[in-house]
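Residue numbers (UniProt numbering), protein chains in the order written: chain B, 1 to 432; chain E, 1 to 432. C-beta atoms are modelled at their ideal positions from N, C-alpha and C, and glycine is treated no differently.
2 protein chains.
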Amino acid sequence: MTTITRLDSAQPDFQAALKNLLAFSAETDRGISDAVDAILSGVRSRGDAAVLEYTARFDRLQADSMAALELPRERLEGALKSLPLHLERALRQAAERVRMYHEKQLMQSWTYTEADGTVLGQQVTALDRVGLYVPGGKAAYPSSVLMNAIPAKVAGVKELIMVVPTPDGVQNELVLAAAAVSGVDRVFTIGGAQAVAALAYGTDTVPQVDKIVGPGNAYVAEAKRRVFGIVGIDMIAGPSEILIICDGKTNPDWIAMDLFSQAEHDELAQSILISPDAAFLDAVQASINRLLPSMPRLEVIKTSISNRGGLIKCGDLDEAAEIGNFIAPEHLELSVEDPDAMLPRIKHAGAIFMGRNTCEALGDYCAGPNHVLPTSRTARFSSPLGVYDFQKRSSLIHVSQAGAKTLGEIAAALAYGEGLQAHARSAEYREG
Amino acid sequence: MTTITRLDSAQPDFQAALKNLLAFSAETDRGISDAVDAILSGVRSRGDAAVLEYTARFDRLQADSMAALELPRERLEGALKSLPLHLERALRQAAERVRMYHEKQLMQSWTYTEADGTVLGQQVTALDRVGLYVPGGKAAYPSSVLMNAIPAKVAGVKELIMVVPTPDGVQNELVLAAAAVSGVDRVFTIGGAQAVAALAYGTDTVPQVDKIVGPGNAYVAEAKRRVFGIVGIDMIAGPSEILIICDGKTNPDWIAMDLFSQAEHDELAQSILISPDAAFLDAVQASINRLLPSMPRLEVIKTSISNRGGLIKCGDLDEAAEIGNFIAPEHLELSVEDPDAMLPRIKHAGAIFMGRNTCEALGDYCAGPNHVLPTSRTARFSSPLGVYDFQKRSSLIHVSQAGAKTLGEIAAALAYGEGLQAHARSAEYREG
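In structure tokens:
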């Protein structure tokens, strides 16, 4: 019997209870932050030698040179060929769908010309070189390689360098196969803060990148936070979450399994269901109790659901949408009869899974959209990982002779107003 | 006589000398970081009362309530009406041009339907509420209000809340007028880390925002860095920089003044000129010496140019573009005969000012593009502030009955491969 927090939007302390359910503190441990400090400055000053030492110490992997820790392209292709056929096919199909979707995200340069001949616009270019962190061990997900690597390659990133720790030298075939399928250019079997440092500062062997993406443990997250500014980074992700809004007409077993699919990631993952139908919430609770014992990741699911799960009774679907906007979930399932009618009311969510057929798992692997999504209410202000994270814009300004006169007068007036005389005179020179 | 560092790309240690010229360390002082810590937790736990105390202490501004620190809309309109006519007109014209340019940046939602009826897409929505930090005192720039506020309003942000410290109660009319022109919704005369905290956590009077943008001193920057994750933030800006690539045919006085216009911002600002024409570099040096004494901000310019300025002799314009890509400057002037021919070789720059007429000052105020730009080589991976910083995307996935079968098989294969059985079963349920 696994009991889940039950809330009712009609109860007087609902707002406080909801905030309490969502509360999650991501304070960085001082010990981690000090250790990361030492590793970053070690790699910064001693380069490859430091990376080799840390790899020997933390991953129990000895190597004479960094070159020995690079996997040749043939190794990746070999991993792909060694997969069971159905798995190789699934990986290739998923990659193809992810590529197709992301191609729609490509930004294009544009310009426009004003009446006096002045041209304004925006030039879009790809990042030169990107680092992709892939965790080793239990959280080694090939799908995550696809989701991070493919948008970068679609954007036109010339060199995509993957780092993946291989503790005790154990390599994950599926992860290497995913690297082959998604066009990763180079792979180093290094990990932890030392891998982040190598990518951010560059060493004799590992080239300096412009941005580092991909998930990692607390050391990796802290290292990324520290090198932000020297290189770009993606979001630092919190625990994964799902919010399901259901009208009460979906098979409760399906909903229970969708909640499990989030909960099985991690004890801290959060699975919440909202429905106006109290009897349906009971039915889902019953499905949970019946299905849970058959799940291989039973213990993780149980801990996650008991500590952080929630079943919320709301007044109607409008109110459910409102509560959903407050939660701003990473994954939002609209398991309702007419999800299109509901969509305009949804403002904040990383990904929206519409209709009873669209479970989150389809999106996690192969629907096409990215599975790297904003967590912990950050969907209020941020977006899924996309091609746009590997492109950037430069403003274009080409002022005509006539334009220089008009604009020079405006600029000079404002510059004198701000007390910046060199700005004003520089503009006045162009007034002709 | 102000001497500027001279480099030559043909000298053997050029790369090292260039890196040395660009080097800038932005380490946060421990004292600042501790002070910010205390202020953030004060505001977090005591809300308005703490903000009032800090405002009294740091800005020497006493108020009985936070409401007394809010400026009514009429105050802003009054400031606008009180301006000299030419300044009001310049402000309105600049705002109008900035608005027109930014309207081109609006992202739209899109979807596409696959053969089996599955719909995929991306829903674009605006942030609900944004905080805009505007510095008080000497760095109070009305143009900065326009550049931060207008993109937010174009994006459709419903509530834009400006905070601006008014030490000793002194209010800047031009800044308030700029707020009126650009559609700021509410203004509080608070500043420092306490204003950032109020916006990030919310108080009884100041509503919690979703993102905080705008420049500030070291305390403000540190506070923004700390609250990142609870709210979004824009980039933490380093000192401003310009790189001018000139073929040697532009009036050297113009180029000298353009270098000054950057240098006058701040002693740490960086102004660099690259040209294949050594005699032209001499001519610009002579212009600098001749023009400098007439500049009101002489001392700032002199310090900036002597400590951080550079005149670089290169082989040809191709090499200049290459060096420019390494520097990835915030502002890049292409003061050459055919800037269009050069543009395809320019990969990394915040804004590109093309042709001899297009001095940076025109872009700073009124050309249309944003003047909030990536500094310190971050143009390698980031973009000017834009409408896109106030919009975000949600992925849309609506899988058809037929699609659920195809996708369910792929997802289940990969999920079992990753050992995530609940994912697999959730997908299999939908295979029908």
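In chain B, what lies closer than 7 Å to residue i by C-beta?
i: D258 of chain E; result: S426
i: D37 of chain E; result: Going along chain B, no residue has its Cβ under 7 Å from D37 of chain E, so there is no contact; the nearest lies around 12 Å.
Which class does residue i belong to by DSSP, given the choice of helix, strand or coil?
i: Y388 of chain E; result: helix
i: K19 of chain B; result: helix
i: G121 of chain E; result: strand
i: T111 of chain E; result: strand
i: I274 of chain B; result: strand
i: F24 of chain B; result: coil
i: V187 of chain B; result: strand
i: A10 of chain B; result: coil
i: A256 of chain E; result: helix
i: M1 of chain E; result: coil
i: L414 of chain E; result: helix
i: L334 of chain E; result: strand
i: F326 of chain E; result: helix
i: G363 of chain E; result: helix
i: V209 of chain E; result: coil
i: I236 of chain B; result: coil
i: S395 of chain E; result: strand
i: Y141 of chain E; result: coil
Would residue i pass as an interface residue toward chain B - the criterion being a Cβ-Cβ separation below 8 Å?
i: R290 of chain E; result: no
i: E418 of chain E; result: yes
i: P215 of chain E; result: no
i: A404 of chain E; result: yes
i: Y219 of chain E; result: no
i: Y429 of chain E; result: yes
i: F381 of chain E; result: yes
i: D266 of chain E; result: no
i: Q401 of chain E; result: yes
i: K104 of chain E; result: yes
Do you know offhand how far residue i's Cα is from residue j's?
i: residue 515 of chain B; j: A155 of chain B; result: Not covered by the structure: residue 515 of chain B. The range shown for chain B is 1 to 432.
i: W110 of chain E; j: T3 of chain E; result: 56 Å
i: A193 of chain E; j: A177 of chain E; result: 24 Å
i: D277 of chain E; j: E241 of chain E; result: 22 Å
i: S25 of chain B; j: A351 of chain B; result: 23 Å
i: A237 of chain E; j: I410 of chain B; result: 26 Å
i: D253 of chain E; j: P239 of chain E; result: 24 Å
i: D8 of chain B; j: I255 of chain B; result: 19 Å
i: V51 of chain B; j: L160 of chain E; result: 47 Å
i: E70 of chain B; j: F188 of chain B; result: 4 Å
i: P344 of chain B; j: A321 of chain B; result: 10 Å
i: Y141 of chain B; j: E299 of chain E; result: 57 Å
i: Q105 of chain E; j: D258 of chain B; result: 37 Å
Step through the CB atoms of chain E and report whether any lies within less than 8 Å of the CB of residue i.
i: residue 435 of chain B; result: No statement about residue 435 of chain B is possible, as the shown extent of chain B runs from 1 to 432 and does not include it.
i: P142 of chain B; result: yes
i: P384 of chain B; result: yes
i: T378 of chain B; result: yes
i: I244 of chain B; result: no
i: T2 of chain B; result: no
i: D364 of chain B; result: yes
i: L80 of chain B; result: no
i: Y133 of chain B; result: no
i: T125 of chain B; result: yes
i: R345 of chain B; result: no
i: I327 of chain B; result: no
i: S261 of chain B; result: yes
i: G136 of chain B; result: no
i: I301 of chain B; result: yes
If the cut is a Cβ gap below 7 Å, which residues of chain E does residue i touch?
i: Q421 of chain B; result: M295, P296 and R297
i: H398 of chain B; result: P339, M354, G355 and T358
Between residue i and chain A, is any beta-carbon pair separated by less than 8 Å?
i: G232 of chain B; result: The structure shown contains no chain A; its protein chains are B and E.
In chain B, what lies closer than 8 Å to residue i by C-beta?
i: L120 of chain E; result: Y101, A367, G368 and P369
Meets three-Cβ-pair contact criterion under 8 Å: the segment 286 to 296 of chain B and the segment 333 to 343 of chain B:
no
Quick test of the definition: if touching needs 3 or more C-beta pairs under 8 Å, does the segment 122 to 131 of chain E touch the segment 386 to 395 of chain E?
yes
Taking contact to mean at least 3 C-beta pairs separated by less than 8 Å, is the segment 209 to 219 of chain E in contact with the segment 242 to 258 of chain E?
no
Could you tell me whether the segment 37 to 52 of chain B touches the segment 143 to 161 of chain B, using the rule of 3 or more Cβ pairs below 8 Å?
With contact defined as three or more Cβ pairs closer than 8 Å, the segment 37 to 52 of chain B and the segment 143 to 161 of chain B are not in contact.
The segment 361 to 379 of chain E contacting the segment 84 to 99 of chain B, beta-carbon criterion three pairs below 8 Å:
no
Is it true that the segment 157 to 167 of chain E meets the segment 411 to 430 of chain E, where meeting means three or more beta-carbon pairs spaced less than 8 Å apart?
no
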